[in-house]
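Numbering (my numbering) for the sequence shown: 31 to 235.
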Amino acid sequence: MEHKSVFVILIILISTMGTFIVINMVPNAPGFIAYLGFTREGSGTLLSWFLAMVVTVLYCYGAASISDVKQYMFKLDFLKFVAVVGAVCAGIVEELVFRKWVMDYLAGEDFSIAIQIVVSGLLFGAAHLIWGVRNIKAGINAAISTSLLGLALGVVYWVGDRSLAPCIAAHFVISALIEPGLLISAQQDKLGYWAEKSDDQIKVD
31 MEHKSVFVIL IILISTMGTF IVINMVPNAP GFIAYLGFTR EGSGTLLSWF
81 LAMVVTVLYC YGAASISDVK QYMFKLDFLK FVAVVGAVCA GIVEELVFRK
131 WVMDYLAGED FSIAIQIVVS GLLFGAAHLI WGVRNIKAGI NAAISTSLLG
181 LALGVVYWVG DRSLAPCIAA HFVISALIEP GLLISAQQDK LGYWAEKSDD
231 QIKVD
């Protein structure tokens with residue numbers, strides 16, 4: 031199979047995050063779904079959905095500057111299918127942790143909304159430093175871009191009356207579109223600090 035290592039990474043992600051989702055879904059599926067904000071009354075505001083759409087378009091537009099992301103954005107194959115399943119899992123779990131749990135905890139400790147958004151975004155970015163295990167440049171690139179995404183989704187969560195629904199939807203669409211291209215690019219060591227490496231840089235490295 032082409033890009034076997036990317037497939038393995040996605041399967042690990044699906045297995046771990048999927049297990050978490052199943053554990054929470056089995057006892058009370060309607061309650062868990064409502065907790066995520068997917069109800070008629072708790073699905074957020076019109077503004078939050080509009081902002082989520084804007085964030086999604088801008089982030090995907092920026093990511094499309096990476097050749098593998100652009101190539102695989104709308105490519106339909108088995109690896110893309112696995113990436114979409116992974117996007118469902120990541121969208122739910124990461125938004126639950128970095129938006130709801132982090133921001134609601136800080137709100138409970140009487141921190142301002144600005145602090146909630148900043149901390150949520152920075153922690154989200156820090157978690158993606160794992161990309162730097164193979165390539166520190168890719169790790170820094172991922173941390174910066176996902177910190178900015180986390181800040182934006184923190185705003186979406188806030189203006190959406192703390193509903194995760196628009197955040198999860200945006201996260202899912204972004205991940206479903208940019209993967210597996212982004213993972214492939216990272217695996218092939220094509221990512222620099224701010225953008226994709228040139229062919230000359232890849233040869234030198």
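For glycine and all other residues, C-beta sits at the position ideal for the given N, C-alpha and C. Keep in mind that this is a model prediction, so the values were computed, not measured.
Where residue i falls, given that 16 or more other Cβ within 10 Å makes a residue buried
i, result
"S97", "exposed"
"W79", "buried"
"F154", "buried"
"V99", "buried"
"F108", "exposed"
"I42", "exposed"
Closest by C-alpha distance to residue i, when choosing among the options
i, options, result
"G211", "S95, V85 and Y187", "S95"
"L152", "T176, A59 and D134", "T176"
"L179", "D107, V85 and L136", "V85"
"F37", "K110, L81 and L159", "K110"
"L213", "G48, R70, N165 and I122", "N165"
Same chain, Cβ closer than 7 Å to residue i, neighbours up to 5 away in sequence not counted
i, result
"V115", "I44"
"L207", "C90 and M103"
"S149", "According to the sequence shown, residue 149 is Val rather than Ser. So the qualifying residues of the chain are V132 and L136."
Own chain, CB closer than 8 Å to residue i, minus 5 neighbours either side, in chain order
i, result
"L77", "V189 and G190"
(request) Would you mind listing the beta strand (DSSP E) stretches within the segment 76–158 that are 3+ residues and don't spill past its ends, in chain order? (result) Uninterrupted beta strand (DSSP E) stretches at least 3 residues long and entirely within the segment 76–158 do not occur.
(message) Which runs of the alpha helix (DSSP H) at least 4 residues long sit entirely within the segment 169–227? Give them in chain order.
(response) Here the runs fully enclosed are 195–208 and 211–217.
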